[in-house]
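Novice:
4 protein chains.
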Amino acid sequence: MLIVMQPNTTEQNIEKVVNFIKSKGFEAHISKGSDHTVIGAVGRKVIDKRDIELLDGVREVIRISSPYKLVSRVFKQEDTIIDVKGVKFGGGHIGMIAGPCTVESYEQMDETAKRLCECGVKVLRGGAFKPRTSPYAFQGLGEEGLKILREVADKYDMRVTSEVMEVSQIPLFEKYVDILQVGARNMQNFNLLRSLGEIRKPILLKRGLSATIEEWLMSAEYIMSGGNREIILCERGIRTFEKMTRNTLDISAIPVVQKISHLPILVDPSHATGLRNIVPSMSKAAIAAGADGLIIEVHYSPETAVCDGAQSLYPDQFAELFEELKALAKIIKKSF
Amino acid sequence: MLIVMQPNTTEQNIEKVVNFIKSKGFEAHISKGSDHTVIGAVGRKVIDKRDIELLDGVREVIRISSPYKLVSRVFKQEDTIIDVKGVKFGGGHIGMIAGPCTVESYEQMDETAKRLCECGVKVLRGGAFKPRTSPYAFQGLGEEGLKILREVADKYDMRVTSEVMEVSQIPLFEKYVDILQVGARNMQNFNLLRSLGEIRKPILLKRGLSATIEEWLMSAEYIMSGGNREIILCERGIRTFEKMTRNTLDISAIPVVQKISHLPILVDPSHATGLRNIVPSMSKAAIAAGADGLIIEVHYSPETAVCDGAQSLYPDQFAELFEELKALAKIIKKSF
Amino acid sequence: MLIVMQPNTTEQNIEKVVNFIKSKGFEAHISKGSDHTVIGAVGRKVIDKRDIELLDGVREVIRISSPYKLVSRVFKQEDTIIDVKGVKFGGGHIGMIAGPCTVESYEQMDETAKRLCECGVKVLRGGAFKPRTSPYAFQGLGEEGLKILREVADKYDMRVTSEVMEVSQIPLFEKYVDILQVGARNMQNFNLLRSLGEIRKPILLKRGLSATIEEWLMSAEYIMSGGNREIILCERGIRTFEKMTRNTLDISAIPVVQKISHLPILVDPSHATGLRNIVPSMSKAAIAAGADGLIIEVHYSPETAVCDGAQSLYPDQFAELFEELKALAKIIKKSF
Amino acid sequence: MLIVMQPNTTEQNIEKVVNFIKSKGFEAHISKGSDHTVIGAVGRKVIDKRDIELLDGVREVIRISSPYKLVSRVFKQEDTIIDVKGVKFGGGHIGMIAGPCTVESYEQMDETAKRLCECGVKVLRGGAFKPRTSPYAFQGLGEEGLKILREVADKYDMRVTSEVMEVSQIPLFEKYVDILQVGARNMQNFNLLRSLGEIRKPILLKRGLSATIEEWLMSAEYIMSGGNREIILCERGIRTFEKMTRNTLDISAIPVVQKISHLPILVDPSHATGLRNIVPSMSKAAIAAGADGLIIEVHYSPETAVCDGAQSLYPDQFAELFEELKALAKIIKKSF
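Residue numbers (this note's numbering), protein chains in the order written: chain A, 1 to 336; chain B, 1001 to 1336; chain C, 2001 to 2336; chain D, 3001 to 3336.
1. Which partner residues does residue 299(A) have in the DSSP bridge list?
2. For the stretch 1168-1190 of chain B, which residues have a beta carbon sitting closer than 8 Å to at least one beta carbon of chain A?
3. Do residue 81(A) and the ligand PLP come close, with the Cβ less than 7 Å from some heavy atom?
4. Which residues in chain D sit within 9 Å of residue 1134(B), going by Cβ to Cβ distance?
5. Determine the chain A residues that contact residue 1209(B) at a beta-carbon separation under 8 Å, and present them in chain order.
6. Can you list, in chain order, the residues of its chain whose CB lies under 7 Å from that of residue 2217(C), leaving out five sequence neighbours each side?
7. Please classify residue 2316(C): is it buried, with 16 or more other beta-carbons within 10 angstroms of its beta-carbon, or exposed?
8. Is there a C-beta anywhere in chain D that falls below 8 Å from the one on residue 1256(B)?
9. From which residue to which residue does the beta strand (DSSP E) around residue 3083(D) run?
10. For residue 1010(B) and residue 2074(C), I'd like the C-alpha separation in whole angstroms.
11. Chain A partners of residue 1225(B), CB-CB under 7 Å?
12. Taking only three categories from DSSP, how would you classify residue 1096(B)?
13. Within the continuous beta strand (DSSP E) that includes residue 3028(D), where are the two ends?
14. Less than 7 Å between C-beta atoms, sequence neighbours within five positions excluded: which residues of the same chain meet that for residue 306(A)?
15. Which residues mark the beginning and the end of the beta strand (DSSP E) in which residue 212(A) is found?
16. Quick one: which unbroken beta strand (DSSP E) runs of 3-plus residues sit fully inside the stretch 130-210 of chain A? Chain order, please.
17. So does the stretch 83-94 of chain A actually touch the stretch 280-295 of chain A, counting three or more Cβ pairs closer than 8 Å?
18. Does the CB of residue 31(A) have a neighbour CB from chain D at under 8 Å?
19. At which residues does the beta strand (DSSP E) containing residue 1288(B) begin and terminate?
20. Hey, does residue 310(A) have any beta-carbon neighbour from chain B nearer than 8 Å?
21. Can you grab the Cα-Cα spacing for the pair residue 278(A) / residue 310(A), in whole Å?
22. What first and last residue would you give for the alpha helix (DSSP H) that runs through residue 1273(B)?
23. Residue 3274(D) versus chain C: which residues are under 8 Å apart at the beta carbon?
24. Check whether the stretch 1203-1214 of chain B and the stretch 1182-1190 of chain B touch, using three or more Cβ-Cβ pairs below 8 Å as the test.
25. Determine which residues share a DSSP beta bridge with residue 125(A) and list them.
26. Give every residue of the same chain whose Cβ lies closer than 8 Å to the Cβ of residue 1312(B), excluding the five residues on either side of it in the sequence, and list them in chain order.
27. Do you know whose CA, among 3197(D), 3106(D) and 3249(D), lies nearest residue 3153(D)'s CA?
28. Could you check whether residue 1160(B) and residue 1124(B) sit closer than 8 Å to each other, using their CB atoms as the reference points?
29. Please report whether the beta-carbon of residue 307(A) lies at a distance below 8 Å from any beta-carbon of chain B.
30. When the distance is taken between beta carbons, is residue 64(A) closer than 8 Å to residue 3004(D)?
31. For the stretch 235-246 of chain A, which residues have a beta carbon sitting closer than 9 Å to at least one beta carbon of chain C?
32. Since residue 120(A) sits in a beta bridge, which residues does DSSP pair it with?
33. Alpha carbon to alpha carbon, how far is residue 29(A) from residue 3060(D)?
34. Could you name the residues of chain D that residue 2(A) contacts, counting a contact when the two beta carbons are closer than 9 Å?
35. Listed in chain order, which residues of the stretch 108-132 of chain A have Cβ atoms closer than 8 Å to some Cβ of chain B?
36. Look up residue 2238(C) in the DSSP assignment and say whether it is helix, strand or coil.
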C-alpha cells in the first residue's frame, strides 16, 4: 500500500500515519519527493484503506497488491483448461453450449437436443429453477426439469449445464448436472459461492449486471479458495445508459480477463442482447475477440417457448451460424 | 399492451399480429392513424413483448400496465406506516436507525447503544452475517452477534435490525431481530424474497447497486405477494461512472418512489458514499427531500472498528447531526 | 403519440386531454380498453410530451414516430455507400483508415504513411487541432498540420481525414481534407453540425461518450437536414462503470444501427480501449460483427509519439492484423 | 508519479523503466518492498502514463499530482466568492437564479421577471440561443432574445445569465449578459473555454452529462488558466441507467467539490429531473447538502411555454418553495 501525503504536510502528520500503520502490523518506508512524501506500507494484513485516508495530511492511499490471488496469472501462468468429460474450454479450445432457456417438457428438450447434436454441439443447457423478476412468472420445473435434462443429454451423449440458485439445491445439481451455472444476480451471493467451493464439479460463473471485472474475479476467488479450481467465467452484458439492447455486451472484457487471469472466459450473446437478430453478429464478435466459448439459446420452436423465445435462435439459424463460427475460429488459430 | 405497426405495413401483417395475440388469449382493438396502425391487446395474460416485436411489420410494443400491483399507489392510495413496536416509518413519521457496521463484542455494542440511546435513537443496527467481497475478510460473529444485538437493545429499550443473507438463516432472525434487512446484493435473490414473504416481520429492502426503481419495486412485490405487507424500502446509492464517491446516492428516487408506491423509503448515506465526512450533508439532503427515515453507521470508536470504520460517524458527530436533522424535518412538516 | 390514461380516470379528465391536444393542432382518437383508455394524438406538430403527462389522469405518453427521418431505413431502404475518391464505406465495402493520433512533423507522417501504403491502406488520419482535456497539453500544429497531412497523402495517393473542432475552421478543412471528422465531445455541438450540413464533403461523426444511439442519429439528422447526405458514423466506446478499459466499446451498436439506419458505421478500437494490446482483438470483433470499416491509430514509432502512443500500433503489428482482418471479412462475405 | 513493478520482476526491467523516465526529464527514486519495487518519478513534465505501463515488468502507474492546479483548494484555501454586481455566490452566500427556459417575447419575460422580483430573486435566466437535440425544434430568438432579457432585467434591477454556444457569440454576450453560461454539452468545447478565459465576466460552467468531477474541474482550469478567475460550477444531473428521471442529480458532488476546490457550486434541479413535481424536493436537498445556489426554471404560464414548460415551476409554487429554502438555509447557517 502506498500512502501519498498532501504537498507540504507537516512532519507530525507523517509521523502519525507511520505510527498508525505500524499499529496495524505494517512496516513503513518513507520516501520524500519534491512535492509529495510517499509512505510505503509493507505487510500482509488486511486494512480498509479509507481508515488511512481519513488521517490528517493524507492525500490518497493506493492499494498495490491485487485482492485476488488464486485466479490471477501471477499465481498460475498457463491457461486453465476445463475438461468436462472430454469437452474442453480454454487454452485454444473453444466450447459451445446451446439449448433452450427453460426445460419445458421431455419432447421440447428431445427435439432441441437432437438438432443441436446434429450440428456437433456437445453441451446442452436448460433452466430448471428460474430467477424471474416477477413473482407472477413461470418459475421452472424444478427437479423434474433436471431429470429431463439429464435423460435427454444421455440419449445424445451430451454434457449438461443448468443454473443453481441456492445452497440447498446443490446436492440435486451434483446428481444431475455436469457444470453448475451461477447466474448474474447471484454473482455476489457469497454463501452460495462458498458452498460451490466445496464441491468438485465445474462452475460457470456469470458476471453480474453491474460487476466490475475485479469484483467478478473476487467471486471466482471465493470458489477457488474453497478448493474448487474448475471455473469458467461468462460475460453476459453489463448495464449501461443505452437501452436499445437489453444490456451492453462488454466484448473488451475478453482480452482484459485473459491478460490478468488464467481462467477460460465464455460469452452469452443471448442474454446480453435479448434479441435473436443480434445474437449471430455478437457471437461472431466474441469468437473473433478470442472468447473460449459461447453459450447460446436455441429452441426447436421459439414461437411457442415458455420464456425468452425472442432471444432464442431457430435450429437452422444456429446450424448456419455455427459453421461461420468454426471458419472464424480457424483464422484466429483456435478450434471448436 | 399497445402494438405500433410500421408506417405503411400490409393488411396481412396486421392480420397476423391480430391472430397471434388472439392465440395468446388477448382481445385485439385496431385503430388506424395517418401514419401508424395501433393494435391494442386487451387481457390479463402474461406475454413476452419481444415475441410480438419479432413479427413482420411491428415497430414497437408498449406495455401499459405496471408489472407491480400490490406495492403501487393504484392498489393502495394512503401511505403505509410501518410500526415497529411503537417506532414509525412513513406517513409523516421519520424513523432513525443507527449503529455499527458489524457486531464485534458486547462491550462495543453496549458502548455504542448507550450513546445512541442518549440521542434518542430507538432502532439499533449491527451486522452478524457479513457479505464481504473478499473471501479473506472478516465474515461476522453469526448467531453470537445476533444474541449480543438483542441483549444490548433490550437493555436500552431499542428495536433491532440486521442483514439476513440466506433462506436457512430466517428462523434465527425471527428469534432475535425486529426488522430483517435484505442487502443490495440480495435484492434479486428471489428464493430469499419468497421466503421473507411468508414471515410476519418488517423487511428493510435495500436497492441493488444497479437496480432500476421498477426492478426494486418488483422485488418488494415478491415479498408482498407472499402475504408480508410490512416493507421499508432503502436507497443506498447506485453504480455510475463517477468514482469520487463509492456510489452515487440517488436522492431523486425518494419523490419518484413516493409518487408510485405507498411504501416508506429510507436512505443509507453511509454505504452510499463510503466516507464519514460526506454522511452529514447527504443525511440532510435525504431528509429535506422527504425521506421517511435514515440508517446511519455510528461506532463508539471508528478507528478501532473491524469494518467500515471510515464511513462510521463518531457519537458526538452523530448527536450534533441528529439535532440539525430534527430542525430540518420541522420545516418540511415532518418529525422524527 | 399515444396517451394512456390511468385506470378508472374520469370522463372530465379524458375530455380535458382531448381539448388540450386539439388546441395544439392534433386530432384525437379515443379507444377504451378494459383497464385503460388510450387517446391517439394524430398530427405532425412538435409537442413536448411532458406537457401532456402533467395533465390530471394521464398515466403515460408514448411517442410513436421516430424523431429522426432522413437517416432512417424507413426513409431510404438500401445501404448508403460513401465513396471517397474511389474508396468505399458501406454496402459490403469495408474501409480502413489508419495513421497517428497527431501530425507531429513531415518526417513522422511520411514514415508512417509509407508503411501504411505498403499494407494497402488508402485513407490516412492525423490530428491537426487536438481536443485536450488539459489546457497544459499539446494542442496540435494547426493549419501547418493539415498541410503536411495533405502533402504526404498526395505523395502516396491516399485520402485524408482529420478532426474539425469549430465552425470557423471549416473552410480550412474543405481545402485540405477529404473526410471531416467530428469528435465525440462535439457530437452535440449543434452549431458545428449545422454548418457541416452546408458543405459537400463526407463527415465522420463519432458517437459521444454518453450518447444514446438515438441522440447520435439525431446529430446525423442535423447534418443531413442541411443537405449533406454523406455521413459515416463511428462507434468509439461509451462511458460505463468499468474502468479497466478507458471506455466500453459498444459492439452491439453495429447491428442495431444497421437495422434502423442506412448509413455506414465504423469502429475506432484505439480510442475505445486506450491500450495497444487490446486493439487487435477489438478490431477483429468489429469486423466479425459487420462493421463497415475501422479507424486505427498507427505510428511508425509509438514510443516517441507526442500523444496517444500507448494506443498506437506498430506498423508491423498493424500489417499482420490487417491480413487477419481481410481473412475474417471474407468469411462474412464482405471485403476491404 | 509512482511506478509499481510486478512482483519478482528482473533488475533489467527496473533499469529500463528508470532510463525511460530519465529520458523524459524525470528523476527516479527506487524503493523496494517485500513484494513490489516502486519507482517514484519526480518532475514537472507532462507524460502519458500508459507509455510507461506498456514497458516490460510494469504493473501499474499512479499519477499523484492533481491535473488541475488553479481550481484546487491547495492553490487557494479560502472559498471563492463570486460577486455579480452585489449578488454573491459562495462562502456562506447562497445565490438564486430563476427564469424561463427560453426568451419568447418581451411580455413573457416581463410577466415572469415581475413575479420573481416580488419573491426577492435578483438574477434572471433565459435562453436566446438554444442547443436542441432535434434540428426541427425551435432554436431561440438570438440577439433579439438577449436584448429583451437585458431590458427586462434592467427594469427590475436584476442581473442576467444566458447560455453561450460558440466562440463567435462571445462579444454579443459581453454586451448584454452578466454571467455567461456554458451548457452541459459544451463542457468540453475547449475552443469555447479558452476564449472565455480571455474575458472578464463570471462563467457558469455546467457539468457534462457524463463528465467526472475531475474532468469538470479540468474544464474550469481551462478558463482559469486564461486569466478569468470568476467561475461558478453547476451540477445538473449525470446520465445513469435509471430512466424514471431524465438524469440522476448527483447531490454528493456538492460536498466532494467543496472539499477539493474553492469555487462555488450551484445545482440546477430543473434540467436534472425534467419534471416540475420533483424540482421542489431536489431544490431542498441541494440547499440542505450545502449548495452555494440554485438555478430554477420558472415561467409565468408553463402550459404555454415554447420549451421545457413541463419542468418549469408556476410563480406561486416557486414563491412558496423559496420561503422553505430560506428557512432550511438558516438551519445550516447560510443565507440567500
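Heads up, the beta-carbon is just placed ideally off N, CA and C, and yes, glycines get one too.
Specialist: Straight from the coordinates:
1. Partner(s): none; residue 299(A) has no beta bridge.
2. 1168, 1185, 1186, 1188, 1189 and 1190
3. No copy of the ligand PLP occurs in the structure displayed, which carries no ligand at all.
4. The contacting residues do not exist; residue 1134(B) stays about 17 Å from chain D at best.
5. 210
6. 2068, 2071 and 2261.
7. exposed
8. yes
9. It spans 3082-3084 - the beta strand (DSSP E) in which residue 3083(D) sits, taken as one unbroken run.
10. 15 Å
11. 135
12. strand
13. 3027-3032
14. Correct list, in chain order: 102, 104 and 138.
15. No beta strand (DSSP E) contains residue 212(A), which DSSP labels as neither H nor E.
16. 159-163, 179-182 and 203-206
17. yes
18. Output row for residue 31(A): interface = yes.
19. It is not in any beta strand (DSSP E) - residue 1288(B) instead sits in the alpha helix (DSSP H) that spans 1279-1289.
20. yes
21. Cα atoms of residue 278(A) and residue 310(A): separation of roughly 11 Å, rounded to the nearest angstrom.
22. 1269-1273
23. Those are 2050, listed as they occur along chain C.
24. yes
25. Residue 125(A) is bridged by DSSP to 161(A).
26. 1100, 1101, 1270, 1276, 1297, 1298, 1299, 1302 and 1305
27. Closest option to residue 3153(D), judged by alpha-carbon separation, among 3197(D), 3106(D) and 3249(D): 3106(D).
28. yes
29. yes
30. yes
31. 237, 238, 239, 240, 241, 242, 243, 244 and 245
32. Paired residue(s): none; residue 120(A) is not in a bridge.
33. 19 Å
34. Neighbourhood of residue 2(A) in chain D, by CB distance below 9 Å: 3002, 3004, 3038, 3062 and 3064, in chain order.
35. 131 and 132
36. Residue 2238(C): strand per DSSP, three-state reduction.
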